[in-house]
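A quick write-up on the structure given underneath.
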Amino acid sequence: MTGLSAAEFGLLNALWLRKMATRGMLEENADVPSAVAEPFLEAAADRDLVRALGDYIVLTDGGRRAVLDHYDGEYRSLREAPEFLEWYERFEGYNSRFLGLMSAWQTGTDEAQERTYSRLVRVVERHVDALDRAAGWIPRYRHYAARFRRSLDNVDSGRTDYVSSPVVDSLHNIWFEFHEDLLAVLGRPRESVED
Amino acid sequence: MTVIAEGMNVFETNKQPSGTVHYLASPMDVIALIDSGKLRDHILLVRGGTTTFLAPALTMGAIGVITMSGAPESHLGILSREFQTPCVMTTYLTDGSGSRYVPGETGDEHFEEIVEALDGKNVKLDCSDHDVGKVVVLD
Amino acid sequence: MDSSKLVFSFHEADPSDPNLYGGKGAGLAELVGAGYPVPPGFIISTAACGEFLQAASLSEQLRSQITDHIGALERSTSCSFRARTEQGEDSGPLLVSVRSGAPVSMPGMMDTILNLGINPERAAAVAEVSGSARFAAEVMIRFHRMYSEIVLNADGDHIADQGSDFLTGSDPDEADSSLFERLWSAMSDAEVDDVGTAVPVDPMDQVHGAVAAVFRSWNTRRAVTYRRLNGIPDSLGTAVVVQAMVFGNLGSPSGSGVAFTRNPTTGAPGLYGEYLEGGQGEEVVAGTKTPEPLAEAAQRLPSLFGDFERMALELERHRKDVLDLEFTVERGRLYLLQVRSAKRTPNASVRIAADLMTEGVASPAEALSAVTPSQVRDVERPRFAPAAVADARASGRLLVRGIAASVGHTHGIAVLDPDRAEAIAAEGENVILLRETTSPFDLHGMIASTGIVTARGGATSHAAVVARALGRPAVVGCSDIGIDPGAQTFTIGSSRFAEGTRLSVDGAAGEVFEGILPLSQPAASNCGLSDVLKVAREAAADCRILGLCTTPEQVSETRARGADGVAIRLIDLLVASGAIEQLAHELTAQRHRDRVDLSPLEAVFSDLLLPVVRAAGRTPIVVRAIDLIDGDAGEFLDLESLLVAHPGVGLPVGFGELIRLQIAAVAQAAAQNQGMPVAYFVVRHIADPRELAMVKELAGEQVSRQGTGNVEVGALVSTPLGVHKAVELARTSRVLWFDSHRLMVSSSGYPAAVFTSAEPLDEYLRGNRLAEDPRLGRDEWQQRVFAALTAVRVGVPGCQIGARMARSHSPELLSAYYRAGARIFITEPEDLRVAILELGKAALQQASAGEVLAAAPALDSTLPLVGL
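In structure tokens:
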């Protein structure tokens, strides 16, 4: 199944990244207006690409294939580009650092929080700079950079739930989605494999 | 009250969730389980430590998770702390063949042995220790 | 002072000028000046920061002053950045730390780089002095970790890992002399690989790089945001503190510790802290190693810790505050590294303030200013334990959010029907009444419940109004809740719950949780609180503070909190009893009559008043007239048809019979409660002395009809027009009342609901869309209100001024009313103690400022106030 429009891919991909979402969340994440999203998601349900789960929407196996096929078509040549692969290697370094600091943030004492967060911010900011560089290959990565900046602003304004809470567009949520995205670009999506 | 398996504890908690172990091999398994309305009856068993397809199960109120690989400093670890869902990672059988998970070197038989031993068992998770999480057989 | 001087030794700096030397620098200067042992060092002033940010580089002048001060440091420590002194002798290694020190502490600033001065050459000297090559290697790795991360923006952990990996498997103490060169290269290579540049070898270059990094950190996004949100000027700049390193892990006896001059959890007096033998300070702070209690260490090193305790307590008396001290012992010598005000729990804070006052260390004004309103609230109000809330939130037990309609925390079992709620509550259960919406038919169930949750309705819905009147925590408008009364179940999202499910309700945050969240006990045992409030009460002895009450229980509760009297909103009595229905019925039934007669309701109204009036005993009572149009009554009456039937209700005293009815009821209740000297009856929106005269006339008639029961009539100024006429109104009043909340609402034109919860305005202000927070009483309009108060105080000495403060009003607004001349205050019961505290602070402040503040604030000449 190929031939998804940019908006359609945006919606299905948002679902692939989040794993489960309401329509409103998808429209917001993919930046697609309701007038486009609603008929497409209805059609996608008819074609068995998505289905309802309680108040949420999830991808079916077919939907997942459609998304990953689109990645394959779009980014095949990038998977061979040495510079991009080098960029990815560097991300893996940031990633393990980010996950470690995030865990420290969740389990740390109050005294240590300020320092942990400062270090976390440094990693995120470095990654945001890297995202701006990667936007040459993948323009939609600019959107992640914008989301990171918005969440950093929120944390700086005192809303610390924007660090790791799963129910807001927290730094961890954005990072998690980006990581899924990048692995799909590389043709190594995580489905059921270990690790 | 026998400890059947142990692994890395993601966070210390006094919660002791119990239920029947349910092995989830794919995203559709997760959705089917949520659909069944029985999510809260089960302790979830998965292979991966960053098994991102578990996110919906955590959101919908999963009570406990056992993984066969991966480390507490991972996306799944972070999410399970946020949801306060007890989680034991890179779990191995305390009384099995002695096989341990080694990244990149572990064959399917390691995972199959664990699934064989745990799937369908009525267990309780003990995550009160800082480092070690335990899977305790009930009945 | 020489403006070209940018760098100062601790002796040269003026401790009273944190704006120039930063908080940290000024603090160190103070310690050094008073003779306390502090590692030697110097301060680069905030002026240098401004210069740097403009030029984007360190000036020659600054570099040369830094060089001079490093020279002085080398002489005083007999150590050096270079291997040989100017006299050609071998020198010990000089290692320094570089820290930021802004005038106000803020997040996002570069904090600390340790061990500057280390390089392959000096590492050999460190190895020699310490007798350990491993120690020197660790100093080097640590330096690279911090410097590469903070100055070069590299991945410091990764760099340090390269260093540690290099050392693995070899014993530095057995290695040859090239070890430090190779270790340095391993890390430099990793740095070049990561960010294209490496940590400089030359110690002077290291210092320059670190100083520039501190200055740059003034403009990190986080610091800029923090300053914007907290109104800190960007021009302030940060200072830099450069200080010789001391090592708690070098030789013996050595170690590091942290101490508090009092227990920061309970406030109990006595030095309290921990000491880590052979450890560095951060290891204690980060909790990576387990230290021993200070008392145990003191048994081993009695003279050293005896000195330390003496110093700590002396410093506490000097600063009049509980202190948090970081210290290091290097080979038997004690150094203070940091002395700052200690973070403490609300309970500790209140107790400490009271103790410092009793001990004569702090004056009453100093003690009061050390206690914040939120600390008082924390100490007095039972609330969910924060850890339990965090756990509930994290584990997905936060079921639903709605509108925070009535403050307070409570829990109980969910009941979907008012009859069952009453029955179950009668068995002694705590009940949370959960309804789609509420109506007067639910009233008995609402009275029986401890908390109320509804699926529909806003902050002025029936449920919200009644809950506030009854003092029950409530969350309304939880649109995610679906209720199935037949099945006796309710749903939230896709989850279904049965009646009887245990719920916890946070009426302040508007949150409903599944399960019972434990309530912390109000610390009634905190004797400190009553001491502090007693002092505040004495300071504000000329004030009268009244608590708003609906029930006799609230009256006794309110008086226990220190109220001098009681205020009643008649509308609250009507909605809490359901009598509003009778009023509505009469008004509808008499819609075609020329002369409305509400006298049948007199007895009903006075029966409602009597229990509360009786409970109040001999204390003054203020009764606020019903306002059918503007306020909570809208939920109970069909306003449109009411206005058609009785057009006069739209005007303050346009519906005389309703006013007469209320005065008659107040007079009857007052007559039956013999001891009461006088009841005040106030009418909102009055702006003309003629309106007031009309109400007075009615009151005179009613009182003479009763023969007893003295009722004094007053105006509650709530409109701009009323503010303009304040002085005229005051001339015929014993007390002129101001409705602070309504005045805020009418000036902005925002709906009142905007002010009833904090979030919309907080969000608006965070978004930088208003220069002034209207709730703080700082804007020009409110200045005009205060000017009117002052004009009344100065121009009509016989009239007292009262202010009605809304729920959770800002303490700043209360003090502004006090300063302008208000001496009678009406607050919600839960705000009473905070109000007493803040009035005490304001009174002491005014007293210390003498006559200056007593003068009227300047008036805005462009818009003269009518009647002045």
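Chains as they are written, first to last, in our numbering: chain A, 168 to 362; chain B, 808 to 946; chain C, 61 to 928. Where a beta carbon is used, it is the ideal one built from N, C-alpha and C, also for glycine.
Exercise. Rounded to a whole number of angstroms, what is the C-alpha to C-alpha distance between C:Phe-665 and C:Arg-744?
Worked result: 19 Å
Exercise. Cβ of C:Asn-213 less than 8 Å from any chain A Cβ?
Worked result: By the rule that beta-carbons nearer than 8 Å mark a contact, C:Asn-213 touches chain A.
For this session: Provide the residue(s) that pair with C:Gln-303 in DSSP beta bridges, ordered along the chain.
Result: Under DSSP, the beta-bridge partners assigned to C:Gln-303 are C:Gly-101, C:Ser-157.
For this session: Spatial neighbours of C:Asp-799 within its chain, please: CB distance less than 7 Å, with the 5 preceding and 5 following residues excluded, ordered by chain position.
Result: Arg-744, Leu-776, Val-777, Ser-778, Arg-864
Exercise. Which first and last residues belong to the beta strand (DSSP E) in which C:Phe-320 is found?
Worked result: 315 to 322
For this session: May I ask you to report which of helix, strand or coil DSSP gives C:Arg-883?
Result: coil
For this session: Tell me whether C:Glu-757 is buried or exposed, calling it buried when 16 or more other Cβ atoms sit within 10 Å of its Cβ.
Result: exposed
Exercise. Does DSSP put C:Ala-685 in a helix, a strand or coil?
Worked result: coil
Exercise. Which residues mark the beginning and the end of the alpha helix (DSSP H) in which C:Cys-609 is found?
Worked result: Taken as a continuous stretch (DSSP letters only), C:Cys-609 belongs to no alpha helix (DSSP H), as it is neither H nor E.
For this session: For C:Asp-217, decide whether its Cβ has a neighbour in chain A, counting only Cβ atoms nearer than 8 Å.
Result: yes
Problem set entry | Length of the line joining the Cα atoms of B:Leu-945 and B:Leu-886 | B:Leu-945 and B:Leu-886 have their C-alpha atoms some 27 Å from each other.
Exercise. Quick one: what's C:Asp-384 bridged to in DSSP?
Worked result: Partner(s): C:Phe-320, C:Arg-400.
Exercise. So, does the CB of A:Thr-327 fall closer than 8 Å to a CB anywhere in chain B?
Worked result: no
For this session: Starting from C:Asp-451, find everything on chain B with Cβ-Cβ shorter than 8 Å and list it in chain order.
Result: At a C-beta separation below 8 Å, C:Asp-451 has these neighbours in chain B: Gln-891.
Problem set entry | Distance between beta carbons of C:Leu-661 and C:Leu-721, contact taken as under 8 Å | 6 Å
Exercise. For C:Pro-712, which option in C:Ile-689, C:Gly-607, C:Val-704 has the closest C-alpha, if you only look at C-alpha atoms?
Worked result: C:Ile-689
Exercise. Which residue's Cα is closest to the Cα of C:Ser-151: C:Ser-157, C:Ser-160, C:Ser-138?
Worked result: C:Ser-138
Exercise. Can you find a C-beta in chain F that's less than 8 Å from the C-beta of B:Gly-911?
Worked result: Annotation note: the requested chain F is absent from the structure, which comprises protein chains A, B and C.
Problem set entry | Beta-carbon separation (whole angstroms), C:Ala-464 vs C:Ser-817, contact threshold 8 Å | 5 Å
Exercise. Tell me, which residues are paired with C:Met-804 by DSSP?
Worked result: Looking at the DSSP assignment, C:Met-804 forms no beta bridge with any residue, so it has no partner.
Exercise. Which value, in whole angstroms, describes the spacing of the CA atoms of C:Glu-369 and C:Gly-588?
Worked result: If you draw a straight line from the Cα of C:Glu-369 to the Cα of C:Gly-588, it is about 25 Å long.
Exercise. For C:Gly-553, which residues in chain A fall below 8 Å Cβ to Cβ?
Worked result: Gly-221, Asp-222
Exercise. Residue range of the beta strand (DSSP E) that C:Arg-744 falls in?
Worked result: 739 to 744
Problem set entry | 6 Å Cβ shell around C:Asp-384 - same chain, five flanking residues per side excluded | Excluding positions up to five away in sequence, the list reads Phe-320, Arg-400, Ala-402.
Exercise. Leaving out five residues before and five after B:Val-939 in sequence, what residues of the same chain have Cβ atoms less than 8 Å from its Cβ?
Worked result: Glu-813, Gly-814, Met-815, Asn-816
Exercise. DSSP state of A:Met-187, grouped into three classes?
Worked result: Per DSSP, reduced to three states, the secondary structure at A:Met-187 is coil, with no helix or strand assignment.
For this session: Report all residues from its chain with a CB closer than 7 Å to the CB of C:Thr-325; omit the five preceding and five following residues, and keep chain order.
Result: Thr-405, Ala-408
Problem set entry | chain A contact residues for C:Arg-282, given Cβ-Cβ distances below 7 Å | Val-288, Asp-323
For this session: Compare the Cα-Cα distances from B:Val-853 to each of B:Lys-941, B:Thr-866, B:Val-895 and report the closest residue.
Result: B:Val-895
Exercise. When you compare each of C:Ile-543, C:Val-267, C:Arg-838, C:Val-431 to C:Phe-102 by their alpha carbons, which one comes out closest?
Worked result: C:Val-267
Exercise. Would you say A:Leu-266 and B:Ser-881 are within 8 Å of each other, going by their C-beta atoms?
Worked result: Yes, they are a contact pair.
For this session: Would you kindly work out how many angstroms separate the C-alpha atoms of C:Phe-557 and C:Glu-251, rounded to a whole number?
Result: Each residue's Cα considered, the two are about 58 Å apart.
For this session: Reducing DSSP to helix, strand and coil, say where A:Trp-304 ends up.
Result: coil
Exercise. How big is the Cα-Cα spacing for C:Gly-677 and C:Gln-732?
Worked result: Their Cα atoms are separated by approximately 11 Å.
For this session: Quick one: residues in its chain with C-beta nearer than 8 Å to the C-beta of C:Val-709, no 5 flanking neighbours on either side, listed in chain order?
Result: So the list reads Leu-688, Ile-689, Leu-702, Leu-703, Phe-715, Leu-718, once near-sequence residues are dropped.
For this session: Check each candidate in C:Gly-858, C:Ile-886, C:Tyr-877 and name the one with the smallest Cα separation from C:Arg-867.
Result: C:Ile-886
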